[in-house]
Amino acid sequence: MKERPSFPARLDRPAGPAKGQKRTAASGQPLPGQNAVVAMPPGARGVGLDSSAVRMSMVRKLEAQGIRDPRVLSAMGAVERHRFVDSALVNQAYEDTSLPIGLGQTISKPGVVARMLDLLLDGRTGHIGRVLEIGTGCGYQAAVLSRLADEVYSIERLRGLHDKARDNLRHLRLANLHLLFGDGRDGYAAGAPYGAIIAAAGGEAVPQAWLDQLAIGGRLVAPVSTGASLAGTQALLVVDKLPQGLRQTFLEAVNFVPLKSGLG
Ligand code: SAH
0 MKERPSFPAR LDRPAGPAKG QKRTAASGQP LPGQNAVVAM PPGARGVGLD SSAVRMSMVR
60 KLEAQGIRDP RVLSAMGAVE RHRFVDSALV NQAYEDTSLP IGLGQTISKP GVVARMLDLL
120 LDGRTGHIGR VLEIGTGCGY QAAVLSRLAD EVYSIERLRG LHDKARDNLR HLRLANLHLL
180 FGDGRDGYAA GAPYGAIIAA AGGEAVPQAW LDQLAIGGRL VAPVSTGASL AGTQALLVVD
240 KLPQGLRQTF LEAVNFVPLK SGLG
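When we follow numbering that gives the first Met the number 0, the leftmost residue of the sequence shown carries the number 0, and every step to the right adds one.
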């Protein structure tokens with residue numbers, strides 16, 4: 000069986016546990032002096048103890064927007080989005096809005112996250128197998144994905160955000176989530192083939208590596224530039240890799256941060 004990287008894996012140095020080593024979310028352990036019971040972040044008052052009620056109201060709005068898959072709704076209802084944003088923004092955490100997460104990047108709107116996950120799961124039963132996410136950002140979508148897939152590999156090109164995601168995710172101790180630091184345009188061949196690939200940043204076209212690393216029967220959802228028209232125009236693209244070839248479906252206009260090259 001193929002070895003998988005430990006958590007968090009890095010692409011800039013040899014990844015993967017030694018043979019026989021138990022794969023655990025090592026960084027899920029509390030830091031010295033830190034209690035395993037995680038307190039609400041400072042500034043969480045107002046979301047505070049009743050965050051589940053605010054989250055349920057977000058889930059009802061997602062349903063009203065047309066998200067029907069109970070697996071997606073349940074995962075969105077379970078992950079505490081307010082833990083992934085700066086304390087000053089906590090009271091906006093359950094609004095359907097993107098929010099800054101530093102280094103010029105944003106956490107996607109809950110509506111867009113749910114829509115993409117709904118598309119990924121559409122027509123499939125149970126858990127999706129291995130998933131590759133490009134653009135970890137603050138780690139929110141990765142946490143939601145980890146509830147829907149067997150294994151999640153999430154790549155981020157900005158070290159500051161890769162580190163932030165690791166910090167944000169520590170309390171969740173998600174043993175099936177692998178954070179990778181690298182240029183996601185190359186995908187992550189060591190985890191391939193993937194049952195699903197999801198990108199949180201949009202480029203001119205879908206990189207060939209993603210298509211190569213998608214399993215037959217797998218599905219990719221990504222924002223892509225629609226080219227001809229005004230700069231910055233993107234649409235959601237769904238690619239199904241069928242035995243007879245690729246089937247592409249362009250959907251609604253979206254607005255994601257650009258897919259960039261190299262590390263930062
Ligand atoms: N899913 C994230 C959304 C983050 S925004 C969340 O829940 O917060 C998109 C992210 O994609 C940004 O952090 C950006 O740095 C990252 N990104 C852009 N180009 C990339 C690339 N080539 N490889 C990996 N990450 C990339």
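For every residue, glycine included, the Cβ atom is placed at its ideal position computed from N, Cα and C.
Checklist entry - Mind checking whether K259 and R156 have CB atoms under 8 angstroms apart? => result Yes.
Item to check | Neighbourhood of L269 by C-beta, 7 angstroms cutoff - its chain only, sequence neighbours within 5 removed | outcome: Nothing about residue 269 can be reported from this structure: the residues present for the chain run from 0 to 263 only.
Next on the checklist: Could you tell me the alpha carbon to alpha carbon distance between A200 and I100, rounded to whole angstroms?
Outcome noted: Computed Cα separation, rounded: 14 angstroms.
Item to check | Proximity winner among Y187, A174, Q91, S86, relative to P54 (alpha-carbon distances) | outcome: For the sequence presented, residue 54 should be read as Arg rather than Pro. Residue nearest to R54 within the set Y187, A174, Q91, S86 is Q91 (criterion: CA-CA distance).
Checklist entry - Curious, which full-length alpha helix (DSSP H) runs of at least 4 residues does the stretch 54–78 contain? => result 69–77
Checklist entry - At a cut-off of 7 angstroms, is I127 close to ligand 1 when judged by its beta-carbon and the heavy atoms of the ligand? => result Flag unset: Cβ of I127 not near ligand 1.
Checklist entry - If you draw a straight line from the C-alpha of E251 to the C-alpha of L235, how long is it? => result 6 angstroms
Next on the checklist: For D149, report the span of its beta strand (DSSP E) as first-last.
Outcome noted: Start and end: 148–155.
Next on the checklist: I need the DSSP call for Q20, collapsed to helix, strand or coil.
Outcome noted: For Q20, the pLDDT reaches just 38, beneath the cut-off of 50, and the residue's location in the model is therefore unreliable, although a value from the coordinates is still provided. Q20: coil per DSSP, three-state reduction.
Item to check | Among L245, S224, F83, R169, nearest to V256 - alpha-carbon criterion | outcome: Check the Cα spacing between V256 and each of L245, S224, F83, R169: the tightest is with S224.
Item to check | Where S145 falls: helix, strand or coil (DSSP) | outcome: Helix, per DSSP.
Checklist entry - Which class does Q247 belong to by DSSP, given the choice of helix, strand or coil? => result strand
Item to check | Counterpart residues of K240 in DSSP-defined beta bridges | outcome: L245
Next on the checklist: Please identify the residue among R184, G216, M57, L171 whose C-alpha is closest to the C-alpha of G134.
Outcome noted: R184
Item to check | Neighbour-count burial assignment, S50, 16 or more Cβ in a 10 Å radius | outcome: buried
Next on the checklist: Which runs of the beta strand (DSSP E) at least 3 residues long sit entirely within the stretch 92–152? Give them in chain order.
Outcome noted: List check, beta strand (DSSP E) in window: 98–101, 104–106, 127–133.
Checklist entry - Would you say I100 touches ligand 1, meaning its beta carbon is less than 7 angstroms from a heavy atom? => result yes
Checklist entry - G136 and Q64: beta carbons closer than 8 angstroms? => result no
Item to check | Sub-8 angstroms separation of E132 and I197 beta-carbons | outcome: Against a cut-off of 8 angstroms, the Cβ pair of I197 and E132 comes out as a contact.
Next on the checklist: Nearest by alpha-carbon distance to V238: which of T232, A214, N254, G261 is it?
Outcome noted: Sorting T232, A214, N254, G261 by C-alpha distance to the C-alpha of V238 places A214 at the top.
Next on the checklist: Under DSSP, the beta strand (DSSP E) around H177 begins and ends at which residues?
Outcome noted: Here the beta strand (DSSP E) through H177 covers 176–180.
Next on the checklist: Residues in the same chain with beta-carbon distance under 7 angstroms from I106, minus the five sequence neighbours each way, listed in chain order, please.
Outcome noted: F83, V84, S97, L98, I100, G136, C137, Y139
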